[in-house]
Amino acid sequence: MDSSRDQIEEIKSRLDIVDIVGKYVALKSAGKNFSGRCPFHAEKTPSFIVSPELQRYKCFGCGESGDIFNFIQKIENIDFPETLEKLAKEAGVTLVKKRSNTQFQRLEDINQKAAIYFFKQLKDKKNSPALEYIHKRGITDDSIQKFGIGYAPGGIGLLEYIQSKEKYSKSELLQSGLFVEKEGKLRGKFFKRIMFPIRSSSAKVIAFTGRVLPGNEYGPKYMNSPETPIYHKSDNLYGQYESRQQSRKEDFIILCEGTTDVISAHQIGVENIVAPLGTALTKEQLAKVSKLSKNVLFLFDSDSAGQKAVEKAFILSQELSLNTYATNTSPYKDIDEMIEKEPKKFKSLVKKRVDAYTYLLTEYIKNKNLNKFEDYRRIVSWMESTLSHVKNRSNFLFYVKSSVNITKVEPFKSGSNKAFSDHEAKSEKFGIKRSSKDAIFLQSLLFQQNFKVLKNFDLKFFENEKILEILSFVSQNPKITREELIDKYKEDPVIKPLIEDSIFSFSKGESDIEELSNIYDSIVKSYFVRKEEDFRVKIASAEQLGNIKQSVKLFKEFQDLIKEKQNYEKNSRL
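First residue of the sequence shown: 1, per the UniProt record's numbering; consecutive thereafter.
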């Protein structure tokens, strides 16, 4: 096979999605499909459907959907190359790797060898001050083993160790982020530092964070690997691999500030925790968090910078539809210190979390006086600014209610509904009620898979723009399959779930051309009712304004509509 697409299709042809999903979910037969409890969110009533015919899955509870590749990526929290390897092995397909993949693998190998070298150096007696310092910080030997913590003594030892295992070019060594070139020679980037390996979601070492030893003030306190072909700071989190099992099990994840916070939490059994890597939190990092759980606790340091970090995280999270909570470690400066002093209090703190907006508002109004105009103005301005980022209407109304309960002040006094109107108007433009006639017609059509019948129907009568877009495309491409249709719109956040919902919703029923015609007939009648009402309103408005010319024009168009309606009714009875 000479392309990744060929390899993917070959794997799909050899595997059955029911068998793959069945290893993770208890499935029961449900007509042509199989159903079970969704593995991606907590539910009591099964809403997770697997279709052997389509070789796809769909959860009607949380909306997750896709093929075997999407499922394995999501359930295992691994990237696509890792998923491809896993399923290829399952299917007995030998992958032909691209050169670029080989390059990435060699860079991963260099970082993995470096991790082994650093780990060995930490255990070497000549580097005992490093191990003593780690123990002094409360990090146990078990944690050293679990997180692969090591020590970089500097010198040429790392270079010699890596090159003794396999020869790498100077370019590869520089690209790994572990070396710098000085006077034509390579030397290690990290010198006399405690080394914390950063693992990808699939457990591969892709970078490092180095903490300088006290007394060896060489460079910044913390130094991270630079951006490399295999490592991007904005897209990775410390602990993303180590946290995945407990995060999924509890359907909850903690986002904190530092590497030692993560390690300390693990040592008292709180393993569903991750931290950004020496940079401000990004949307990409939050998206990675959302793959582990939609329920996120922001637990940053108790200073003003921590407060600002929570606010930014809350705003970023609104675009990802996350359920967000927040608290802080006060009176302790961070998680590491709190766990050292009061580990039980930390666990209690996590359980007593409040929603992030309520936390932010409560913190914001501290030391402010609502009876002072300037304070009052600042509070209202902050509430309106923060709430403007909230996309979900239910959350928006909940937060407005929280605002009133906490401050006795209602933001958007002109009406909270109006404050949400811009976002709602955009949503309404493409909004599709599952019970709408247009949607039912689409469901019936996709169930039949006989798209040639569309030539018998005039598409102008359909009201919904997105459904009309799908029907127009299918009408022009009547030989397309349902699977190809899903693939075409896989990047469209509105159309893709609509097509999947239509297919799965109708999968237990029966449909034929007569039923399709009956649905269409109802759509046409609704069209005429809607148009007639529009004309009546427009004619009345023109007459009220004294615009006789416009009234006559509209009345003529109205008569044409009535004739069209009568002709349709006459022909439909034939």
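The C-beta atom is built at its ideal place from N, Cα and C for all residues, glycine as well.
{"query": "Compare the Cα-Cα distances from L471 to each of Y489, L442 and R482 and report the closest residue.", "result": "L442"}
{"query": "Report the residue from G215, E363 and L237 whose alpha carbon sits nearest the alpha carbon of A203.", "result": "L237"}
{"query": "Is it buried or exposed for S317, if we count other Cβ within 10 angstroms and need 16 for buried?", "result": "buried"}
{"query": "Give me whichever residues DSSP pairs with A326 in a beta bridge.", "result": "F298 and V354"}
{"query": "For the beta strand (DSSP E) that contains G224, what are its first and last residues?", "result": "Note that residue 224 is Asn in the sequence shown, not Gly. Y222 to N224 is the span of the beta strand (DSSP E), which, as asked, contains N224."}
{"query": "Could you check what DSSP says for residue 575 in three-state terms: helix, strand or coil?", "result": "Nothing about residue 575 can be read from this structure; the chain reaches only from 1 to 574."}
{"query": "Considering Cα atoms alone, identify which of A88, L322 and A309 is closest to K391.", "result": "L322"}
{"query": "Is the Cβ-Cβ distance between L516 and L445 less than 8 Å?", "result": "yes"}
{"query": "What are the partner residues of V180, as DSSP defines its beta bridges?", "result": "R187"}
{"query": "Identify every residue that forms a DSSP beta bridge with C59.", "result": "F48"}
{"query": "Between the beta-carbon of K291 and the beta-carbon of K74, is there less than 8 Å?", "result": "yes"}
{"query": "What residue ranges within the region 107-165 form continuous alpha helix (DSSP H) runs of no fewer than 4 residues, ordered along the chain?", "result": "128-136, 141-147 and 157-165"}
{"query": "Hey, would you say G63 sits closer than 8 Å to F48, going by beta carbons?", "result": "no"}
{"query": "Report yes if the C-beta distance between Y151 and K113 is below 8 Å; otherwise report no.", "result": "no"}
{"query": "Going by Cα to Cα distance, which pick from K44, F71 and F60 is closest to D19?", "result": "F71"}
{"query": "Given a cut-off of 8 Å on the beta-carbon distance, is the pair T324 and F314 in contact?", "result": "yes"}
{"query": "If you drop the 5 nearest sequence neighbours on each side, which residues of the same chain put their C-beta closer than 6 Å to that of L361?", "result": "I406"}
{"query": "Between L370 and the rest of its own chain, which residues show a CB-CB distance below 6 Å, the 5 nearest in sequence each way excluded?", "result": "Y376"}
{"query": "Within 10 angstroms of the Cβ of Y359, are there 16 or more other Cβ atoms? Answer buried if so, exposed if not.", "result": "buried"}
{"query": "Only counting the same chain, and skipping five residues up and downstream in sequence, which positions put a Cβ closer than 7 Å to that of F300?", "result": "C256, E257, G306, A309, V310 and N328"}
{"query": "Does DSSP put L255 in a helix, in a strand, or in coil?", "result": "strand"}
{"query": "Express the C-alpha separation of T102 and E172 in angstroms, rounding to a whole number.", "result": "12 Å"}
{"query": "Quick one: Cα of F462 to Cα of K452, how far?", "result": "18 Å"}
{"query": "Answer yes or no: do N224 and K192 have a C-beta to C-beta separation smaller than 8 Å?", "result": "no"}
{"query": "State the Cα-Cα distance for the pair E166 and E227, rounded to the nearest angstrom.", "result": "23 Å"}
{"query": "Does DSSP put F208 in a helix, in a strand, or in coil?", "result": "strand"}
{"query": "Keeping to the same chain, check which residues put their C-beta closer than 7 Å to that of F118; ignore five residues upstream and five downstream.", "result": "G150, Y151, A152 and M195"}
{"query": "Just the Cα atoms here: how many angstroms apart are S200 and P411?", "result": "43 Å"}
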